[in-house]
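Everything on this sheet refers to the single structure shown next.
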Amino acid sequence: MAKPNEIRINSIMYLSVIIVAILVLRLVLLQVFLWENHLAMAQRNMSRLVPIPAPRGMILDRNGEIIARNRYRYELALRTDPNRKWEETYNNLVEYFTSKGFWDEDQVEKIYNILAKNRRYQDPVIIEKDLNLKVMFDLEENRWLYPHMEIIQRPVRHYEERFFFPQLMLGMLEGGVPRDNSLEARWNEYLKGKDGYELWTVNVNNVPIGNEPIYIEPATPGNNLVLTIDAGLQRYVQKVLTEAIEENQRRQLAKGQNPTRHGAALVVDVRTGDILAVANYPEVDIYDLFNPQLRDYFQELDSNYNKKFPVSAHQSTRFFEFIPFRAAFGIGSTAKILSSIIALEEGVITPNYRYHDTGKYSPKDSPETTVSNVGGARGMVNLKEAFQVSLNTYFVWMMDQLPGNIRERERLIRTYTDAFGLTRETGLTDVNDFFANQMGRLFDERDRGGGGPGNLDPSRFPLGAQAHINVSPLHMANLVSIVANKGYHYKPRLVKQIEDQHGNIIEKFEPEIYRTVPKELVSDKTYQKIHEIMNSVTKYGPRTGTSAWAFRNFPIEVAAKTGTSHVQSKGDHSWWVGFAPLDKPEIAVVVFIEHGDMHGMVGPTARKIMEKYFGLIEE
Numbered sequence: 283m284a285k286p287n288e289i290r291i292n293s294i295m296y297l298s299v300i301i302v303a304i305l306v307l308r309l310v311l312l313q314v315f316l317w318e319n320h321l322a323m324a325q326r327n328m329s330r331l332v333p334i335p336a337p338r339g340m341i342l343d344r345n346g347e348i349i350a351r352n353r354y355r356y357e358l359a360l361r362t363d364p365n366r367k368w369e370e371t372y373n374n375l376v377e378y379f380t381s382k383g384f385w386d387e388d389q390v391e392k393i394y395n396i397l398a399k400n401r402r403y404q405d406p407v408i409i410e411k412d413l414n415l416k417v418m419f420d421l422e423e424n425r426w427l428y429p430h431m432e433i434i435q436r437p438v439r440h441y442e443e444r445f446f447f448p449q450l451m452l453g454m455l456e457g458g459v460p461r462d463n464s465l466e467a468r469w470n471e472y473l474k475g476k477d478g479y480e481l482w483t484v485n486v487n488n489v490p491i492g493n494e495p496i497y498i499e500p501a502t503p504g505n506n507l508v509l510t511i512d513a514g515l516q517r518y519v520q521k522v523l524t525e526a527i528e529e530n531q532r533r534q535l536a537k538g539q540n541p542t543r544h545g546a547a548l549v550v551d552v553r554t555g556d557i558l559a560v561a562n563y564p565e566v567d568i569y570d571l572f573n574p575q576l577r578d579y580f581q582e583l584d585s586n587y588n589k590k591f592p593v594s595a596h597q598s599t600r601f602f603e604f605i606p607f608r609a610a611f612g613i614g615s616t617a618k619i620l621s622s623i624i625a626l627e628e629g630v631i632t633p634n635y636r637y638h639d640t641g642k643y644s645p646k647d648s649p650e651t652t653v654s655n656v657g658g659a660r661g662m663v664n665l666k667e668a669f670q671v672s673l674n675t676y677f678v679w680m681m682d683q684l685p686g687n688i689r690e691r692e693r694l695i696r697t698y699t700d701a702f703g704l705t706r707e708t709g710l711t712d713v714n715d716f717f718a719n720q721m722g723r724l725f726d727e728r729d730r731g732g733g734g735p736g737n738l739d740p741s742r743f744p745l746g747a748q749a750h751i752n753v754s755p756l757h758m759a760n761l762v763s764i765v766a767n768k769g770y771h772y773k774p775r776l777v778k779q780i781e782d783q784h785g786n787i788i789e790k791f792e793p794e795i796y797r798t799v800p801k802e803l804v805s806d807k808t809y810q811k812i813h814e815i816m817n818s819v820t821k822y823g824p825r826t827g828t829s830a831w832a833f834r835n836f837p838i839e840v841a842a843k844t845g846t847s848h849v850q851s852k853g854d855h856s857w858w859v860g861f862a863p864l865d866k867p868e869i870a871v872v873v874f875i876e877h878g879d880m881h882g883m884v885g886p887t888a889r890k891i892m893e894k895y896f897g898l899i900e901e
């Protein structure tokens, strides 16, 4: 029988063997199987990653002028840890920022709570943005007081052209994320870069050792987006549109009318589809677009205006809406362009056929009589003479000659509106926005209220009332481009190419024919006649064209059409559409003023735009 001492000795020996075995196994586990994890942990404790945010690519105009770039700001961040060693750093920062008057007690508490709740210890928490240089230098000079502090240099978006289509650009959210439905979002994959980092060796207080990082992974900048926009032309178009509408407002107020709130102007290169300028009214600063004070300003403005007028005439400012692409309006007498094409191709008139105008006309399927809009009977007139003065009675008579019943004539008209893109998508896909590529509406039940039974009659289509057709200014630019090109329509675009930071082309987008009007539907002979009658609108003679006074002595031949779309109670919409030069078209121009009435501002505005484009004005 074993002695008690032997039992104790054996027990201690066995226990020692077990302990040694456990220690050996533990060492084997640490040094053979888990060494990489512990090495990484040790390296993390002795090193620190400092992020290098990638600069976003610039947005340039077609000539290389900067529209959007980056500026750099300094951000103050803290790295938290589960043992709350960061609190000493935070307390020192509180002492500094409160002594300078930058933080109050509420801010101190708010920032502390954010830090205390953070569990992503690997990521620094931003606690102050846009440090000025003096503060940044103060903190760096005393970094030993702030071992858990990081100062990050971050590129942020800066818009050189703050008034360039802000409703399309929209800007960036915090963190460098582009807003939805913006030009920035649509091209984000090209514009965004790849972040880099610096790897520093640090001491026990997390303070960098030495003057250089041990490794640098440089940030890769984003690529540049080159637009089709001509910045000089864009600034000028925005200026003359704003001046025209504000003059229009003064005239309306003088006549006791509720003034217009919105307008648009477009310049498109018919040879490529390039949008050279696209202006919107009201003019808004992109940095104010999401400011509640801007909404309050326009609400007060609308309230002051609307108090003076009956409820039926009330309007509201839709400052967030981009009129050139997103809104749909009746097109007034500009519909006579397509109406003339339809009548010529369907054989209901010939160019020289003379209609006897008595000053009024009653269509066969409508109880409403169309009365002359040009001061009584005009006698015997042909297409060119009627088009030149925009004679409503002639065009209602003309469309009344189309064969078939109401529905058959509607279908016939739709064949042409589809072919010319008025009731199809605009083709613009350079922004993530349904409204930019929306379809126009023709004879839509939603648009027929309040206009009487005549709204159902397609013979009144040439008058372009909202009861018949609703399109955007971009649709009208497309129509004019097709007419100018005799049936060919280049896809409208805002983006020309992608370049790297050194100006090398990454991807180039060539002009693309988006739609073609079949020659069996519309002949070159018809287009030639339409060019001729549109040119007459800018001419004096036995009959004075509706835009003759605006283009008196203009040295370049212009094809044009004016339009006034009736809107009950709120003032008619005003249009000017056209292209130039007549023989070799280069640009299509559209000017639109919502509820602008007939105050004559669209024609002179179009002339100024063409003068600028063709270099006819001194800078």
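Okay, so the sequence shown: first residue is 283 according to our numbering, each after it adds one.
Positions of the beta carbon are idealized from the N, C-alpha and C atoms, including for glycine.
Beta-carbon gap between TRP857 and PHE874 smaller than 8 Å: yes
Per DSSP, what kind of secondary structure is GLY746 in: helix, strand or coil? coil
Boundaries of the beta strand (DSSP E) in which HIS855 is found, first to last residue: 855-862
Skipping 5 residues on each side, what residues in its chain have a beta carbon closer than 6 Å to that of ALA841? HIS813, MET816, ASN817, GLY860, PHE861 and LEU864
Got a sec, what are the start and stop residues for the alpha helix (DSSP H) PHE419 sits in? 415-423
The beta strand (DSSP E) that contains ASN562, what's its start and end? 557-563
Quick one: is TYR635 buried, meaning 16 or more other Cβ sit within 10 Å of its Cβ, or exposed? exposed
Return the CA-CA distance between ASN287 and SER293, expressed in angstroms with no decimal places. 10 Å
Do ASP639 and PHE445 have their C-beta atoms closer together than 8 Å? no
Touching or not, the region 820-831 and the region 664-679, by the rule of three or more beta carbon pairs under 8 Å? yes
Rounded separation between SER648 and ILE623 - CA only: 23 Å
Cβ neighbour criterion (16 or more within 10 Å) applied to GLN449: buried
What do you get for TYR796, buried or exposed, if any count of 16 or more other CB atoms within 10 angstroms of its CB means buried? buried
Candidates VAL753, SER741 and LEU898: which alpha carbon is nearest GLY703's? VAL753
Assuming GLN783 contacts ASN506 under a Cβ cut-off of 8 Å, what Cβ separation, rounded to an integer in Å, is found between them? 7 Å
Same chain, Cβ closer than 6 Å to ASP739, neighbours up to 5 away in sequence not counted: PRO645, ASP647 and SER648
Do you know whose CA, among TYR479, VAL459 and GLY478, lies nearest GLU471's CA? VAL459
For THR616 versus LYS843, is the C-beta distance shorter than 8 Å? yes
Can you have a look at ILE496 and say buried or exposed, based on whether 16 or more other CB atoms are within 10 angstroms of its CB? exposed
For GLN534 and ALA561, what's the separation of their Cα atoms in angstroms? 22 Å
Going by DSSP, name the residue or residues bridged to THR502. LYS476
Beta-carbon contacts of LYS894 that lie in its chain and below 7 Å, excluding the five residues immediately before and after: LEU515 and TYR518
Contact check, LEU558 vs ILE341 under 8 Å by CB: the rounded distance? The pair is not a contact, with the Cβ atoms about 16 Å apart (cut-off 8 Å).
Please return the same chain residues whose Cβ sits closer than 6 Å to the Cβ of VAL299, not counting the five positions on each side in sequence. none
Nearest neighbour of ASP420, chosen from ILE491, GLN597, LEU375 and ASP700 [CA to CA]: LEU375
Report all residues from its chain with a CB closer than 7 Å to the CB of ASP700; omit the five preceding and five following residues, and keep chain order. ARG706
For ARG330, collect the residues of the same chain with a Cβ closer than 6 Å to its Cβ; drop the 5 residues on either side in sequence, then sort them by chain order. TRP482 and VAL484
Would you kindly report the start and end of the unbroken alpha helix (DSSP H) that includes LEU769? It should be noted that the sequence gives Gly, not Leu, for residue 769. Premise fails: GLY769 is in no alpha helix (DSSP H) and is neither H nor E.
Could you check which residue in PRO606, ARG425, ILE787 and ILE349 has the C-alpha nearest to that of GLU442? ILE349
Just curious, the beta strand (DSSP E) that LYS843 is in, first and last residue? 841-847
Please classify TYR296: does DSSP put it in a helix, a strand, or coil? helix
Any alpha helix (DSSP H) of 4 or more consecutive residues that is wholly inside the region 339-416: 368-381 and 387-399
Burial state of GLU905, where buried means 16 or more other Cβ atoms lie within 10 Å: Any answer about residue 905 is impossible in this case: the structure gives the chain only from 283 up to 901.
How long is the line joining the alpha carbons of ALA547 and THR820, rounded to whole angstroms? 19 Å
Per DSSP, what kind of secondary structure is PRO735 in: helix, strand or coil? Per-residue confidence for PRO735 stands at a pLDDT of 42, beneath the threshold of 50, marking its modelled position as unreliable; the derived number appears in the next sentence. Helix, per DSSP.
Reference TYR428, options ASP551, THR675 and TRP368, closest by Cα: TRP368
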